[in-house]
Structures are given as C-alpha cells and as structure tokens.
Amino acid sequence: MFKKKLSQILLLCLCLSLASVSFAHGIGFLDPKGWVAEQERQLMFDTVALMLIVVLPVIIMSFAFAYRYRAVKRRGQYHPNWSHSVLLELFWWGIPTVIIVILGIFVWHKSHQLDPYRKLDFPGEVEQIEVVSLQWKWLFIYPEEHIATINDLYLPVNKQVEFLITADSPMSSFGIPQLVGQIYAMAGMRTRLHLYSSHEGVYDGLNTHLNGDGFSYMHFPAHVASKDDFDHWVSMVRSKGSPLTFESYAPLYKPTMNAPPQYFSSVEDGLFKAIMMQYMENTHWLHSLPTDKTA
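Just add 192 to wherever you are in the sequence shown, counting from 1, and you've got the numbering used here.
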C-alpha cells in the first residue's frame with residue numbers, strides 16, 4: 193500500500209516537473225534568442241550543476257542514514273563514543289571549499305564578460321538606440337535614422353545594438369528577457385546595455401521595477417528583423433509619423449496608461465541629452481514648454 197502511494201506521488205511530481213518545463217518555454221532567458229540571454233542561461237545551469245555536487249550527496253545521505261540507522265531492523269554499527277574523523281572533516285569541508293573557489297572564479301569571469309556597459313565581441317557596426325522611460329511608456333529614439341517611436345522597438349538581426357537609457361519619470365528597469373538582461377533607467381543618469389541577436393522574431397520587452405499605477409502597462413514588442421524589413425519599417429515611420437521637437441515632447445511627459453504606439457518622422461537634435469541634463473541642472477524646462485500646435 194505504501195509503495196503504491198509512493199509511486200503515485202512520484203508520478204505526480206514527474207508530471208508537474210514536465211508541465212513546469214513546458215510552461216517555461218518562451219519565458220525569459222530559459223528560451224534565449226539573444227547572445228547575452230544565452231550566456232546568462234548557461235551561467236545559471238553551470239552554477240546550479242556545481243552546487244548540486246554538494247547538495248545532492250547531502251540529500252541522498254539524509255535519507256540513507258535515516259533508513260540505515262532506523263530503530264527497527266537496525267543494520268549500522270553503533271559507536272557511542274565516536275566524535276571525530278579527520279578524513280570526514282576534510283571531505284565535507286574541503287570539497288565545498290574547492291567548489292566555492294571554482295564558482296567564484298567562474299562567476300567573476302562571466303560578470304565581466306556580460307558587463308552591460310561592455311561592447312560585445314561581434315564585428316561590424318553598432319546600432320545605437322536612445323531609450324527614455326516615461327510614465328508609463330517607453331520612448332525609443334534612433335539617432336542614426338533620425339526617427340523615434342513610443343512603445344514599438346525594431347532591432348536589426350545579426351547586428352550589435354547599444355542602448356543608451358535614461359528616465360523622465362520615477363526609476364524604471366528596462367529589459368527584454370529573451371534577448372538581454374535588465375538595467376535601471378534613472379532620471380539625470382545614462383546607463384548602457386548591449387544586445388546581439390541572430391534570431392528574427394517578436395519578443396516581450398518590459399519594465400520590471402514597480403514605479404506607479406501604470407507599471408503593468410509598460411510592455412513593448414521588440415521586433416528583431418532582417419535588414420530589408422528594418423529598412424522598410426524605418427521608411428514607414430518616416431512617411432507616417434510627425435516631427436518630435438522639444439515642444440512636441442512636453443505632452444509625452446504626461447502620465448499615460450496603456451499608451452498605443454506612436455511614430456515620429458524626425459527628432460530634434462539633442463533631445464535625449466536635454467531630457468537627461470534637465471535633472472542635472474534642476475531646471476525641468478522641457479516639461480514647461482508649450483505644446484507644438486503644428487506637431
């Protein structure tokens with residue numbers, strides 16, 4: 193009876209484990225589509241594997257000792273005066289120490305390799321995108337293409353992307369889990385994040401830092417597109433959007449929940465720097481500009 197119940201419990205645990213793996217498909221770096229996310233997943237798997245070298249024997253011995261030295265049908269020898277073993281001390285202190293040293297060296301190396309400020313080791317030009325966190329939406333400025341969007345991000349496939357990130361709102365956290373890790377967006381400060389993806393597709397970008405009532409609406413699609421599709425999208429934005437100037441930026445500062453995508457055919461030079469520097473100079477002059485009636 194006991195064995196039958198135990199087998200049923202083990203079968204249920206196996207089914208739940210398989211279901212959790214299936215559910216995890218497409219979630220974050222467990223299904224990576226970018227180089228950084230792939231490295232982060234591998235780092236997690238490697239560190240877990242190293243730690244299991246210590247954890248698994250402890251779990252197994254916990255059950256083995258309880259079974260072997262149980263009161264009924266006791267098989268182990270009883271040594272009431274035994275209290276110390278140099279060999280065992282070396283075993284259960286030495287192995288974990290070696291693993292911790294290896295783990296520390298490994299993580300230190302990976303932490304520097306995956307530094308978000310560090311340019312990735314891929315040849316070719318770098319696409320630069322300026323990101324502004326607003327309440328509760330994202331502004332993406334493409335300085336090379338001279339366009340901008342709200343809540344719609346396009347990235348070229350097989351090309352490194354550098355994000356320059358700031359905020360004109362409470363602190364946010366910018367991230368695209370399947371492509372790259374997260375980094376904070378803060379007013380008056382510019383942070384950096386590098387990304388490279390060789391997989392075309394649409395991935396979920398989001399804010400992972402609670403920053404007000406509209407926090408849950410700060411999602412955006414991140415499209416990784418071929419060069420032709422990316423160029424076509426840029427042409428579309430230039431043809432259907434309106435200019436983004438210092439004056440027309442002021443309305444964007446107002447809090448908006450579930451903001452629809454917007455497109456701007458051109459961007460006034462220096463807008464990203466002005467958004468950041470107004471906090472450094474404590475002027476907030478962009479917020480008080482009159483709305484551009486022609487925009």
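We treat Cβ as the ideally placed atom computed from N, Cα and C, and that holds for glycine.
- Judged by DSSP secondary structure, LYS329 falls outside any alpha helix (DSSP H) and instead within the beta strand (DSSP E) spanning 329–334.
- Between PHE412 and the set LEU387, ILE342, THR437 and PHE355, the nearest pair of CA atoms involves ILE342.
- The region 354–361 makes contact with the region 463–474: 3 or more CB pairs, one atom from each, lie closer than 8 Å.
- Under the 8 Å Cβ criterion, the region 236–248 counts as touching the region 279–298, having at least three qualifying pairs.
- Closest option to GLN454, judged by alpha-carbon separation, among PRO288, ILE252, LEU463 and LEU444: LEU444.
- Collapsing the DSSP output to three states places SER431 in a helix.
- Beta-carbon to beta-carbon, GLU322 and PRO335 are separated by about 6 Å, close enough to satisfy the 8 Å threshold.
- Under the 10 Å beta carbon count, VAL247 is surrounded by fewer than 16 other beta carbons and is classified as exposed.
- In terms of Cα proximity to LYS225, the closest of LEU347, SER427 and SER434 is LEU347.
- Here the alpha carbons of PHE456 and PRO447 stand approximately 19 Å from one another.
- Taken atom to atom, the span from the alpha-carbon of GLN352 to that of TRP227 is near 10 Å.
- In the assembly as shown, ASN450 is an exposed residue. Its beta-carbon has fewer than 16 other beta-carbons within 10 Å.
- Straight-line spacing of the CA atoms in ALA442 and GLU230 works out to 39 Å.
- Between the alpha carbons of SER408 and TRP300 lies a gap of roughly 34 Å.
- When DSSP states are grouped into helix, strand and coil, ALA379 belongs to the strand group.
- Only exposed fits LEU279, as fewer than 16 other CB atoms lie within 10 angstroms of its CB.
- Under the criterion of beta carbons closer than 8 Å, MET410 and LEU402 do not qualify as touching, at roughly 10 Å.
- Apart from the 5 residues on each side of it in sequence, LEU312 sits with its Cβ closer than 6 Å to the Cβ of GLN352, HIS386 and TYR388 in its chain, given in chain order.
- Judged by their CB atoms, GLY380 and GLN327 are not nearer to each other than the 8 Å cut-off.
- Secondary structure note for TYR309: it is in no alpha helix (DSSP H), with a DSSP letter that is neither H nor E.
- LEU436 is not a Cβ neighbour of GLU473, given a cutoff of 8 Å.
- Ranked by Cα distance from LYS329, the first of GLN320, SER364, LEU306 and SER303 is SER364.
- When rounded, the separation of the alpha-carbon atoms in TRP284 and ARG310 is 39 Å.
- The secondary-structure analysis by DSSP pairs SER364 across a beta bridge with ALA377.
- Residue state for PHE456 is assigned as strand, using DSSP reduced to three classes.
- Comparing C-alpha distances from GLY393 to each of ARG382, ASP421 and GLY373 shows the shortest one belongs to ASP421.
- Secondary structure note for PRO348: its beta strand (DSSP E) is the uninterrupted segment 345–348.
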